[in-house]
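Engineer:
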Amino acid sequence: MELYRTPWTLSRLPVAVVFDMDGLILDTERLWMAAMIETMADHQREMSVDFYRAMLGTPWLGIRERLIEHYGPTLAVDDIRPVWTARFVELCKAQLALKTGVRELLDLLDDLGIPAAVATSSPRDLVLEHFAHLGLASRFQHVLAQGDYPKGKPDPAPYLSAAARLGVRPEDCLALEDSHNGVRSASSAGMMTIMVPDLVGPTEEIAALCLGVSLDLHEVGEAIAEAARASNRDREITPSPGPSRTPDPYAEGR
4 MELYRTPWTL SRLPVAVVFD MDGLILDTER LWMAAMIETM ADHQREMSVD
54 FYRAMLGTPW LGIRERLIEH YGPTLAVDDI RPVWTARFVE LCKAQLALKT
104 GVRELLDLLD DLGIPAAVAT SSPRDLVLEH FAHLGLASRF QHVLAQGDYP
154 KGKPDPAPYL SAAARLGVRP EDCLALEDSH NGVRSASSAG MMTIMVPDLV
204 GPTEEIAALC LGVSLDLHEV GEAIAEAARA SNRDREITPS PGPSRTPDPY
254 AEGR
């Protein structure tokens, strides 16, 4: 991971920030992984950590395809998801926690008047349950969960939809991600993208898609604060235009 961690800064203050959830806001990727490995063992299948990590940031339909491809058609794949989710929920009862720097970053965004949204592959009911439990329910202007966009990560749809809901151009948004597929999604949407690694570090390809690779959200907050200071200095000379509203390309039929 350290190989691709080079100094980075924000050249301008983002108009909005879009967060991934699992592994970025919540320390839940390790719980999802433990629950999946146990569930596969129930089906007499061994799943390696590396195999699971390769699926990070992938919605269920993509995971389903990978499981069938890897384990063959004899796997009762549609029995996997409910057991996997139930195991995960049980683990969360004792182990659900925030990642380092989440509250501090949200406080900073509030102070700066920068709206925040979430773009996650997790089901909405789980997202809302987690946020209510941890006191985050009112901290995000929009939550886009599984089913709120036509295609999941690595497609850009989750992040394009988030930008449209926020009324901000994608290129004016900062996206924060921990997975390779999430980085691909945010970058292809045209957002300034920062990777904050969790279970997997960046590859050369992934690092090239990012504005930077950050140690944690504290570091992200420091970069935003510095961009805000620079923006205030510039504003004393030249007024900054407001954001233009972007129509939601996926609004029809919702």
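Under the working numbering, think of the first position of the sequence shown as 4, with each following residue one higher.
The beta-carbon is built from N, C-alpha and C at its ideal position, and this holds for glycine as well.
(1) In this structure, does DSSP put residue 196 in helix, strand or coil?
(2) Please state whether DSSP places residue 22 in a helix, a strand or coil.
(3) Could you pull the start and end residues of the beta strand (DSSP E) that residue 176 belongs to?
(4) Cutting at 6 angstroms between CB atoms, please list the residues of its own chain near residue 32, excluding the five before and the five after it.
(5) Since residue 105 is in the alpha helix (DSSP H), which residue starts that stretch and which ends it?
(6) How long is the line joining the alpha carbons of residue 13 and residue 54, rounded to whole angstroms?
(7) Have a look at residue 68 and residue 124 and give me their C-alpha separation to the nearest angstrom.
(8) Can you tell which of 139, 181, 15 and 9 has its C-alpha closest to the C-alpha of residue 234?
(9) Could you say if the segment 185 to 193 and the segment 153 to 160 meet the contact criterion of at least three C-beta pairs nearer than 8 angstroms?
(10) Thinking C-alpha only, which one of 75, 129 and 172 is nearest residue 260?
(11) Quick one: give me the first and last residue of the beta strand (DSSP E) that residue 92 is part of.
(12) Would residue 99 and residue 179 qualify as a contact pair, given that the criterion is a beta-carbon distance under 8 angstroms?
(13) Measuring straight from C-alpha to C-alpha, what distance separates residue 80 and residue 232?
(14) Quick check: the Cα distance between residue 230 and residue 141, rounded to an integer number of angstroms?
(15) Measuring straight from C-alpha to C-alpha, what distance separates residue 194 and residue 108?
(16) Measure the C-alpha to C-alpha separation of residue 223 and residue 35 and round it to an integer number of angstroms.
(17) Spatial neighbours of residue 165 within its chain, please: C-beta separation below 6 angstroms, excluding the five flanking residues on both sides.
(18) Please classify residue 96 as buried or exposed, where buried requires at least 16 neighbouring CB atoms within 10 angstroms.
(19) What separation, rounded to the nearest whole angstrom, lies between the Cα atoms of residue 23 and residue 197?
(20) I'd like the ranges of any alpha helix (DSSP H) spanning at least 4 consecutive residues and lying wholly in the segment 6 to 56.
Structural biologist: So, from the listed chains and residues:
(1) In the three-state reduction of the DSSP assignment, residue 196 falls in the strand class, which pools E and B.
(2) strand
(3) 176 to 180
(4) 25, 26, 201 and 202
(5) 105 to 115
(6) 34 angstroms
(7) 16 angstroms
(8) 15
(9) yes
(10) Outside the displayed span of the chain (4 to 257) sits residue 260, for which this structure offers no information.
(11) Looking at the DSSP string, residue 92 is not in any beta strand (DSSP E); the run it does join, the alpha helix (DSSP H), is 83 to 98.
(12) no
(13) 52 angstroms
(14) 25 angstroms
(15) 19 angstroms
(16) 25 angstroms
(17) Counting only Cβ-Cβ distances below 6 angstroms, and skipping sequence neighbours, we find 21, 120, 122 and 147.
(18) exposed
(19) 11 angstroms
(20) 32 to 45 and 52 to 56
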